[in-house]
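A short write-up of the structure that comes next.
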Amino acid sequence: MDTIFDKIIQGEIPSTMIHEDKDCVVIMDINPVIKGHCLVISRKSYPTFTQCPQEELSHLMEIAKAADTKLRQVLHCDGTNIVINNGPAAGQEVPHLHIHVIPRYTGGEKVIFPHEVYQEGEMKSLGKKLDF
Ligand code: AMP
240 MDTIFDKIIQ GEIPSTMIHE DKDCVVIMDI NPVIKGHCLV ISRKSYPTFT QCPQEELSHL
300 MEIAKAADTK LRQVLHCDGT NIVINNGPAA GQEVPHLHIH VIPRYTGGEK VIFPHEVYQE
360 GEMKSLGKKL DF
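Those letters in the sequence shown? Residues 240 to 371, by the numbering used here.
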């Protein structure tokens, strides 16, 4: 089934597109965290980051970097959040790989993630299991 981003790419749903090439498009997010928030969207409808081949991911990151450069030039933002919500458990709402590029300004609200606390030795033992 087509995702909303497939429909945007096919021109069935309007969007404000600021870049397109053979592998991806970049559109303005309709509900921006901060004005200028844009989305780098893979033309192929990989449901998540995890399913996307490395070469295509590299291209998406290159385009996210170009979007970051453009946001800094035009909006004079001081930084950006480059975010991939990878899967529904991570808050991904549209099951079609995309990278958020969000302009940020010095003194603006910090993105707050909740934090957990390790017990004594727990971080090291988990680190051993996760080593690769
Ligand atoms: P995620 O939660 O990572 O899947 O993010 C989906 C993003 O898509 C959200 O930030 C939405 O605001 C954005 N979005 C959904 N529909 C549209 C649309 N028609 N045009 C532009 N952005 C959209």
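A virtual CB, placed ideally from N, CA and C, is assigned to each residue, including glycine.
For residue i, tell me which candidate among the options has the shortest Cα-Cα distance.
i: residue 209; options: 346, 350, 370, 341; result: Only positions 240 to 371 of the chain appear in the structure, and residue 209 is not among them; the question remains open.
i: residue 353; options: 329, 291, 305; result: 329
i: residue 286; options: 335, 367, 366; result: 335
i: residue 283; options: 240, 269, 255, 315; result: 240
i: residue 339; options: 291, 280, 366; result: 280
i: residue 343; options: 310, 305, 337; result: 310
i: residue 301; options: 269, 259, 268; result: 259
i: residue 317; options: 289, 347, 303, 331; result: 347
Are there 16 or more other CB atoms within 10 angstroms of the CB of residue i, so buried, or fewer, so exposed?
i: residue 369; result: exposed
i: residue 350; result: exposed
i: residue 276; result: buried
i: residue 307; result: buried
i: residue 364; result: exposed
i: residue 371; result: exposed
i: residue 315; result: exposed
i: residue 264; result: buried
i: residue 266; result: buried
i: residue 247; result: buried
Which residue marks the beginning of the alpha helix (DSSP H) containing residue i, and which one marks its end?
i: residue 362; result: 361-369
i: residue 297; result: 293-314
Return the first residue and the last residue of the beta strand (DSSP E) that residue i is part of.
i: residue 243; result: No beta strand (DSSP E) contains residue 243, which is instead part of the alpha helix (DSSP H) from 243-248.
i: residue 270; result: No beta strand (DSSP E) holds residue 270; DSSP gives it neither H nor E.
i: residue 337; result: 337-343
i: residue 259; result: 256-259
Any 3 or more C-beta pairs closer than 8 Å across the stretch 248-266 and the stretch 317-326:
No, the stretch 248-266 does not touch the stretch 317-326.
Meets three-Cβ-pair contact criterion under 8 Å: the stretch 357-364 and the stretch 295-306:
Because the criterion of three Cβ pairs below 8 Å is not met, the stretch 357-364 and the stretch 295-306 do not touch.
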